[in-house]
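Below is one structure, written out as structure tokens; the observations come after it.
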Amino acid sequence: MLEGIHPLLTGELLLHLDRMGHSDAVVVADAHFPAWGLGARVIDLPGTTTPEVVAAIRTVLPLDDAPGLDLMTSADGEVLDVQRELMAAAGTAVDTTAFVERFAYYEVAKTAYLMVRTGETRKYGNALLRKGVVGHPSA
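This is the structure in structure tokens:
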């Protein structure tokens with residue numbers, strides 16, 4: 001246990017977030033996502049939702065500028081409630097979020113440094129976060 005660290009951020013998750021470089025990606029995936037089949041490191045956090053995990057990760061991870069968040073486009077192209085929650089948790093808006101078609105999203109996800117699979121059961125509850133530059137507090 002550490003003070004000041006969000007309780008969903010396990011030691012293993014913190015280790016991998018720390019090892020990520022600028023523009024490396026972490027996918028926070030719903031329970032339906034084929035994380036293990038895509039070949040990245042996978043950490044399972046059952047009993048959590050994707051917005052909860054994104055909010056926890058954002059307490060230690062700045063987002064890249066170009067864009068920092070990718071979401072999977074829903075079947076009808078509408079922005080779903082879970083996607084709005086993910087953008088709020090990430091601190092982004094619709095106009096600064098990339099929406100990617102399902103199969104193209106899987107291809108982008110294959111390049112991620114890490115995947116965190118949650119217990120989220122809502123469809124399209126996936127977020128790809130790109131790590132930004134971690135600055136010195138006095139910079």
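The sequence shown maps to residues 1 to 139 in full-length UniProt numbering. Even for Gly, the Cβ is constructed at its ideal location relative to N, Cα and C.
| Short Cβ contact (8 Å threshold) for residue 70 with residue 128 | yes
| message | Quick check on DSSP: helix, strand or coil for residue 27? | response | strand
| field | Where residue 15 falls, given that 16 or more other Cβ within 10 Å makes a residue buried | value | exposed
| Would DSSP call residue 98 helix, strand or coil? | strand
| task | Starting from the N-terminal side, write out each stretch of the alpha helix (DSSP H) that is 4 residues or longer and does not extend beyond the region 46-120. | result | 50-58, 81-90 and 102-109
| query | With 16 as the cutoff for other CB atoms within 10 Å, does residue 111 come out buried or exposed? | reply | exposed
| request: Apply the 10 Å Cβ neighbour rule to residue 50 and answer buried if 16 or more other Cβ atoms are within range, or exposed otherwise. | output: buried
| message | I need the straight-line Cα distance from residue 120 to residue 29, nearest angstrom please. | response | 8 Å
| Short check: CB of residue 130 to CB of residue 31, under 8 Å? | no
| query | What number of angstroms, rounded off, separates the C-alpha of residue 53 from the C-alpha of residue 8? | reply | 7 Å
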